[in-house]
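Data block below; observations after.
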Amino acid sequence: LKFKEYKEFRITNRVTKIMLKPKTKTITVVLLPKNFKVIVLQIHHKWAFVSYINPKDNLLETGWIMKKYLYSPKKNYFIE
C-alpha cells in the first residue's frame, strides 16, 4: 500500500486520538504519533474518517480524527 499514490494522503500535525465515532465523547481506538501518514476516506463536518496502519500490530484500520490535526504534505496547510 503506497500512501502517496492516494489523492487524500495526509499527515498528522500532533499526537492524535483516533476515535470510534465522530464525537469527542466516544472510545479512543489508538493514539497516532506526530507526522503519521493516513488516508482520508470521508469528511463529516469537523471530522475525517481515515484509514491508517496501526503502529502496534501493523494492520490496516479505520477511525475518526479531527480535521484540524491533519495537513497535506504537498501544500503544507490544514484541510478544510
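In the working numbering, the protein residues as written are 406 to 485. We treat Cβ as the ideally placed atom computed from N, Cα and C, and that holds for glycine. None of the values given here were measured: they were computed from a predicted structure.
With 16 other Cβ atoms within 10 Å as the buried cut-off, status of residue i
i, result
"Arg419", "exposed"
"Leu465", "exposed"
"Leu436", "exposed"
"Thr417", "buried"
"Thr421", "buried"
"Ile470", "buried"
"Leu475", "buried"
Assigned secondary structure, residue i (DSSP; H/G/I helix, E/B strand, else coil)
i, result
"Lys442", "strand"
Close Cβ partners of residue i (< 6 Å) along its chain, the five nearest in sequence each way excluded
i, result
"Thr431", "Met424, Leu425"
"Ser456", "Ile444, Leu446, Thr467"
Sequence-distant residues of the same chain with beta carbon closer than 7 Å to residue i, five excluded per side
i, result
"Phe454", "Leu446, Gln447, Thr467, Trp469"
Item checked: Runs of beta strand (DSSP E) lying entirely within the stretch 411 to 478, each at least 3 residues, in chain order -> DSSP runs (the beta strand (DSSP E)) wholly in the stretch 411 to 478: 414 to 417, 421 to 424, 433 to 437, 442 to 449, 452 to 458, 465 to 471.
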